[in-house]
Every structure is written in C-alpha cells, then in structure tokens.
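These protein sequences, in sequence, are chains A and B.
Note that the first sequence covers residues 28 to 147 in our numbering.
Note that the second sequence covers residues 28 to 147 in our numbering.
C-beta atoms are modelled at their ideal positions from N, C-alpha and C, and glycine is treated no differently.
Here the structure comes first, spelled out in structure tokens, and everything after it is commentary.
Protein chains: 2
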Amino acid sequence: MGTSLGITTDEQGRKHVSEPCLEPCPIERGMRVLGGKWKGSILWHLKDGPVRFNDLARQLGGASKKMVVQRLREMEDAGLVKREMVSDRPVAVTYEITEFGKTALSFLEELKNWSETHQI
Amino acid sequence: MGTSLGITTDEQGRKHVSEPCLEPCPIERGMRVLGGKWKGSILWHLKDGPVRFNDLARQLGGASKKMVVQRLREMEDAGLVKREMVSDRPVAVTYEITEFGKTALSFLEELKNWSETHQI
DNA sequence: TCAACCAGTTTACTTTTAGTAACCACATAT
DNA sequence: ATATGTGGTTACTAAAAGTAAACTGGTTGA
C-alpha cells in the first residue's frame with residue numbers, strides 16, 4: 028500500500044524492506060576507520076608534524092601503550108598514518124600523518140568544533 | 028632542553044607532559060555521543076522526518092531491536108532524538124531528530140562523503 | 001654501575017559492546 | 001482462531017575493547 032524510506036507493504040499487508048542499511052553503509056564504514064577510541068585524537072596530534080611513539084603515548088594521557096600501538100597499527104593499515112624508523116641503533120620511530128590521513132582532518136575539526144560549541 | 032607539543036625535558040633530562048590529552052578532549056567527547064555503532068546511521072535515517080520504531084529497525088538491517096532501542100535511548104538522553112507517542116491504543120511511536128540532532132548532520136554528511144570518495 | 005630513555009610486547013584481567021533468540025501485551029485483519 | 005503487526009523486554013552468550021603492570025633488549029648519560 029504505502030512506501031516510506033524503502034519499506035514497501037504488499038497487497039497482503041506484509042512489510043518488506045527494499046534497501047536496508049546493511050553494515051557497509053558509508054557512515055558506519057567511516058566510523059570504523061576513524062571512530063575507535065583514541066584514533067581521532069592520534070590523528071589530530073599528528074597534524075603538525077611527525078611525533079615519536081612515546082611522546083604520542085604521553086600526550087594521550089589516558090591511553091595505555093598497548094592501545095596506542097594497536098590503534099597506530101590499524102591506522103597504518105588504513106593508510107592514515109606512516110611509521111618511520113628514524114634511527115636504528117638508538118631505536119627511534121616517528122609517526123606521521125599521510126596525505127590520505129590529512130583528508131580526514133577537516134572532518135575531525137568539525138567534530139571538535141561541534142563538541143566545543145555544544146556543551147557535550 | 029627542548030619542548031615539542033607540550034612535552035618538556037628538564038635539566039636532568041627527564042620528560043614531562045604539560046598538556047596531556049585526557050579523556051574529555053573534544054574529539055573523544057564527540058565520538059562518545061556520535062560514534063557508537065548505528066548511532067550515525069540512526070540520525071541519518073531520521074533526517075527527512077519522523078520514522079516509526081519498527082521501520083527504523085528494519086532499515087538498519089543488521090541491528091537487532093535491542094540495539095536500536097538502546098542506541099535510541101542514549102540518543103534521547105543526549106538530546107539528539109525525540110520519542111513521540113503518536114497513538115496510544117494501537118501503540119504507535121515515532122522518533123524524530125531534534126534541532127540539536129540536526130547540528131550533527133553536517134558532520135555526518137562529511138563523514139559519509141569522505142567514506143564514499145575514498146574507497147573505504 | 002645505575003637510572004632513565006627508546007619502542008614496543010606480554011600477561012592477566014575487567015569492562016563494555018554487540019548480538020541472538022525468545023517472549024510480552026495488545027491490536028488488527030482474515 | 002491464526003497470522004501479522006505494534007513497541008518493546010528479558011536472559012544469556014560471545015567478542016571486542018580496554019586496563020595496569022611487568023618485561024625485552026637495547027642505548028645513553030651521569
């Protein structure tokens with residue numbers, strides 16, 4: 028009988044969804060890459076230049092090293108972040124935002140502004 | 028000796044963080060309200076007008092009623108969404124985006140575009 | 001030599017989230 | 001009477017996410 032947002036009702040009155048929002052919908056997909064705890068903050072901290080691992084971990088006061096490493100690996104895999112071995116013996120590593128990572132910054136900035144302007 | 032992003036090194040070479048990004052930083056706070064699984068999608072589905080509970084649950088193909096209710100309650104509490112009892116006996120309920128909820132749409136749109144333009 | 005740094009890894013948990021499947025009470029249509 | 005609809009709730013399980021703290025194996029500086 029009627030339709031509303033992809034839901035159709037047939038002649039017998041049974042309801043069917045024509046375009047259910049299955050998992051790989053763009054908003055959920057985006058949230059998976061940027062939404063994990065600390066991911067946004069990590070990217071944000073890298074926006075002004077490469078940062079060394081322990082410095083990053085310290086900045087993210089609340090996060091354990093394990094979390095920071097884990098998130099960094101995920102973000103490396105997603106291509107948001109690049110790991111660079113700066114020196115071998117004294118081991119020194121920096122993490123740097125990639126060009127692709129930078130494309131997410133405007134979005135994070137909007138989120139940041141949104142949280143700041145509305146008291147959340 | 029040097030400082031970098033709020034990390035200072037004292038005369039003895041010990042490192043200290045001056046402004047660690049503790050949990051309630053704007054990006055993390057924003058992610059807490061908008062980042063849960065399905066929350067973004069729910070808000071997005073409500074953008075064109077009120078939607079009834081079961082319709083919404085159907086649209087979110089992968090989500091169980093329990094999840095949808097849970098997320099809706101959280102979003103009600105956050106003031107993003109309003110529950111409206113349309114009719115009592117036949118019980119009918121709609122969920123509607125609030126003015127505050129609408130302020131998050133531009134952000135979701137950017138996330139959506141970002142996910143769509145970069146193959147994620 | 002000792003303490004502190006580097007960049008992690010590992011362990012041993014606890015907490016949170018996600019999810020299934022069945023069930024409720026009531027209403028409407030066949 | 002039976003199936004289907006409404007808007008949920010309950011009970012339970014599985015998986016993910018997160019924690020603190022110890023530990024590696026090296027380096028550096030006092």
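Check, Outcome
"Is there a Cβ from chain A that is less than 8 Å from the Cβ of residue 91 (chain B)?", "no"
"Would you say residue 129 (chain A) faces chain B, with C-beta separation under 8 Å as the test?", "no"
"Kindly indicate the opening and closing residues of the alpha helix (DSSP H) around residue 84 (chain B).", "80-86"
"Does residue 54 (chain B) have its Cβ less than 8 Å from a Cβ in chain A?", "yes"
"Alpha carbons only, please: which of A:53, A:54 and A:58 is nearest the one belonging to residue 55 (chain B)?", "A:58"
"To be precise: take each residue of the segment 56-68 of chain A, compare its Cβ to all Cβ atoms of chain B, and keep it if any distance is under 9 Å. Which residues remain?", "56, 57, 58, 59, 60, 61, 62, 63, 64, 65, 66, 67 and 68"
"Between residue 147 (chain B) and chain A, is any beta-carbon pair separated by less than 8 Å?", "yes"
"So, does the segment 67-81 of chain B touch the segment 119-133 of chain A, judging by three or more C-beta pairs under 8 Å?", "no"
"What are the partner residues of residue 55 (chain B), as DSSP defines its beta bridges?", "Its beta-bridge partners do not exist; DSSP assigns none."
"Once the 5 residues before and after residue 60 (chain A) are set aside, which same chain residues still bring their CB inside 6 Å of it?", "105"
"Are there 16 or more other CB atoms within 10 angstroms of the CB of residue 102 (chain A), so buried, or fewer, so exposed?", "buried"
"Is there at least one Cβ from chain B nearer than 8 Å to residue 134 (chain A)'s Cβ?", "yes"
"With a 10 Å radius around its C-beta and 16 neighbouring C-beta atoms as the bar for buried, classify residue 140 (chain B) as buried or exposed.", "exposed"
"Is the Cβ of residue 86 (chain A) closer than 8 Å to any Cβ of chain B?", "yes"
"Among the candidates B:67, B:62, B:69 and B:147, whose CA atom is the shortest distance from the CA of residue 66 (chain A)?", "B:62"
"How about residue 125 (chain B) and residue 145 (chain A): are their beta carbons less than 8 Å apart?", "no"
"Output needed for residue 108 (chain A): all residues of its chain with C-beta closer than 8 Å, excluding positions within five of it in sequence on either side, in chain order.", "69, 70, 73, 99, 102, 122, 123, 124, 125 and 128"
"On a Cα-Cα basis, can you pick out the residue from A:51, A:134, A:52 and A:77 that is closest to residue 113 (chain A)?", "A:77"
"Less than 8 Å between the CB atoms is what I'm expecting for residue 136 (chain B) and residue 133 (chain A), so what's the real figure, rounded?", "So it is not a contact: roughly 12 Å between Cβ atoms."
"Name the DSSP beta bridge partners of residue 43 (chain B), please?", "B:35"
"From this set, A:64, A:117 and A:75, which residue's C-alpha is nearest residue 94 (chain A)'s C-alpha?", "A:64"
"Check residue 108 (chain B) in the structure and name its three-state DSSP category.", "strand"
"To the nearest angstrom, how far is it from the Cα of residue 88 (chain A) to the Cα of residue 52 (chain B)?", "11 Å"
"If I follow the unbroken beta strand (DSSP E) through residue 69 (chain B), where does it start and stop?", "Not the beta strand (DSSP E): residue 69 (chain B) falls in the alpha helix (DSSP H), residues 66-73."
"Mind checking the segment 99-121 of chain B against chain A and listing, in chain order, the residues whose C-beta falls within less than 7 Å of any C-beta there?", "none"
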